[in-house]
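*Asks:* Okay, handing you the structure first.
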Amino acid sequence: MIENMQIEKYIKKFTAVARESGKDDEYIVRCLNYFDNITNKGLPVIYDQIHFCDLVGIDYAFILKITNSQKNFYRYFYIPKSNGQKRRIAEPLPMLKDIQRFILKNILYKIKCSSYSKAFKQGSSIKDNAKFHCGQKWILKIDLKDYFDNLKEKRVYNYFIQLGYSKDLCTLITKLCVLKHALPQGAPTSPYLSNLLTQDLDKDLFDLCQCMGLRYSRYADDITISGDFNAKDLIPRVLKIIYSHELKVNYDKINVIGQNRCQRVTGIVVNKKMQAPKNYRKNIRQQVYYIKKYGIDSVYSRIKDDQPDKKHYIKSLLGKVSFCLQINKKDSKLIEYKSFLLNQLLELNKKT
């Protein structure tokens with residue numbers, strides 16, 4: 069791609085080809101200014117829609133077909149949420165998914181997102197988000213309602229314009245990243261793009277917290293603020309900032325937690341040190357005990373309505389153990405459980 073070429077060599081070659089094609093100096097200067105603006109931001113130079121299609125390697129007419137009938141290039145399904153409800157997922161079909169991955173890798177990942185955002189970026193996890201709020205007097209948790217749905221098409225378009233790309237290109241890229249005029253849950257571009265679109269929100273909330281001596285982080289749609297504060301004073305100020313960025317709040321999930329209660333941040337207890345919730349660890353311990361005492365066949369016969377097969381059940385337990393080990397990797401009991409469950413899975417594989 070252009071970004072890997074030496075700039076001086078590119079300018080000379082572009083100028084020569086443009087003049088051979090009958091372009092005047094005004095056109096050449098305009099293109100080279102565009103080139104400078106984009107490369108100075110560390111982004112790939114893409115001049116227009118046709119150029120984008122050439123880089124992606126997909127016919128222009130086909131990409132236009134996608135942008136003109138987006139809903140036909142997704143498959144839809146539901147996954148359960150922790151509250152018992154279902155979340156609708158819109159997964160792009162392979163061709164559109166490849167295009168979105170191109171946008172993600174070659175444009176979006178070139179831009180560093182807010183350091184206060186702990187989700188959807190390499191090297192960051194729920195553990196990083198939680199440890200930031202360990203041992204604090206109070207924790208305020210606020211959930212952004214319909215997070216992806218409220219990151220609208222106009223906002224996406226304006227962001228790409230802000231990067232310096234041409235209007236027609238921004239229109240095309242935006243249409244490839246949105247569905248029903250918002251970010252779809254299931255598109256590879258949506259998570260990281262959501263971080264970029266809410267950088268100003270992060271900055272404003274951080275500035276407020278810094279002035280009050282508080283800590284701030286955001287994990288996707290979960291906002292966490294911790295420290296010594298008066299909730300009646302803090303919450304209205306936080307809500308005002310959120311609304312100013314045209315986002316909504318789930319009032320049922322606004323929660324203020326003191327040190328006398330179990331303080332959880334993204335599922336991790338942070339009162340004094342990070343650990344998995346007590347009931348969560350107890351449930352793992354009980355299930356492993358039952359398997360050891362009665363055998364996997366007997367245990368599975370009692371819970372088979374909730375699990376498709378024995379392998380899936382063991383894998384789900386391994387996932388829970390791995391989550392706990394992510395928080396405390398030196399826990400000897402959990403290490404023992406993991407080894408035992410892996411052996412159980414090995415034995416089941418031998419039988420099939």
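Residues are numbered in the numbering used here as their position in the sequence shown, beginning at 1, plus a constant of 68. Ideal Cβ placement from N, Cα and C applies to all residues, glycine included. Being a predicted model, the structure only gives us computed values, none of them experimental.
1. Give the secondary structure of Asn339 by DSSP, where H, G and I count as helix, E and B as strand, and everything else as coil.
2. Taking only the alpha-carbon atoms, compute the straight-line gap between Lys378 and Pro160 and give it to the nearest angstrom.
3. Apart from the five residues on each side of it in sequence, which residues of its chain come closer than 6 Å, Cβ to Cβ, to Met69?
4. Cα separation between Asp127 and Lys418?
5. Bridge partners for Arg155 per DSSP, in chain order?
6. Please determine whether the Cβ atom of Val367 lies at a distance below 7 Å from any heavy atom of the ligand GTP.
7. To the nearest angstrom, report how far apart Ser400 and Gln331 are at their CA atoms.
8. Would you mind reading off the limits of the beta strand (DSSP E) that contains Asp217?
9. Cβ of Leu282 within 8 Å of Cβ of Phe297?
10. Strictly by DSSP, which residues pair up with Cys294?
11. Since I believe Ile207 is in contact with Val317 (beta carbons under 8 Å), could you give me their beta-carbon distance rounded to a whole number of angstroms?
12. Kindly identify the DSSP beta-bridge partner or partners of Asn323.
13. Can you list, in chain order, the residues of its chain whose CB lies under 6 Å from that of Ala198, leaving out five sequence neighbours each side?
14. Under three-state DSSP, which class holds Lys406?
15. 8 Å is my cut-off, CB to CB: does Tyr177 come that close to chain C?
16. Please report the straight-line C-alpha distance between His380 and Val224, rounded to a whole angstrom.
17. Per DSSP, Leu247 forms a beta bridge with which residues?
18. Taking contact to mean 3 or more Cβ pairs, one atom from each stretch, closer than 8 Å, check whether the stretch 181-193 and the stretch 256-269 are in contact.
19. May I have the straight-line CA-CA distance separating Phe302 from Cys277, to the nearest angstrom?
20. Measuring alpha carbon to alpha carbon, tell me which residue in Gly295, Arg353, Asp268 is nearest Gly326.
21. Got a sec? Which residues, its chain only, sit under 6 Å from Ile382 by beta carbon, not counting five neighbours each side?
22. For the alpha helix (DSSP H) that contains Gly57, what are its first and last residues?
*Replies:* Working from what's here:
1. Correct three-state label for Asn339: coil.
2. Going from the Cα of Lys378 to the Cα of Pro160 covers about 31 Å.
3. Only weak support is given to the placement of Met69: the predicted model assigns it a pLDDT of 47, under 50, and the value that follows is read from those uncertain coordinates. Closer than 6 Å at Cβ, skipping near neighbours: Pro112.
4. Each residue's alpha carbon lies about 48 Å from the other.
5. Beta-bridge partners assigned by DSSP to Arg155: Ile147.
6. This structure lacks the ligand GTP; in fact it carries no ligand of any kind.
7. C-alpha of Ser400 to C-alpha of Gln331: approximately 25 Å in a straight line.
8. Element bounds for Asp217: n/a, residue is neither H nor E.
9. With respect to Phe297, Leu282 sits close: the two C-beta atoms are nearer than 8 Å.
10. First, the residue type needs correcting, since residue 294 is Ser and not Cys in the sequence shown. The partner list for Ser294 (beta bridge, DSSP) reads Ile207, Arg283.
11. Not quite, the Cβ-Cβ distance comes to about 17 Å (not below 8 Å), so this is no contact.
12. BP columns for Asn323 point to Lys209.
13. If we look at Ala198 and ignore the five residues flanking it on each side, its Cβ neighbours are Val333, Thr334, Ile336, Val338, Met342.
14. If DSSP states are grouped into helix, strand and coil, Lys406 belongs with the helices.
15. Of the protein chains in this structure there is only one, and it is not chain C.
16. Going by the C-alpha atoms only, they are around 39 Å apart.
17. Under DSSP, Leu247 forms a beta bridge with Ala250.
18. Output reads yes: the stretch 256-269 touches the stretch 181-193.
19. One point to set straight first is that residue 302 is Leu, not Phe, in the sequence displayed. Straight-line Cα distance between these residues: approximately 9 Å.
20. With distances taken between CA atoms, Gly326 lies nearest to Gly295 out of Gly295, Arg353, Asp268.
21. Non-local C-beta neighbours of Ile382 in its own chain, meaning closer than 6 Å and more than five positions away in sequence, comprise Leu409, Gln412, Leu413, ordered along the chain.
22. As displayed, the chain neither begins before 69 nor continues past 420, which places residue 57 out of reach and without an answer.
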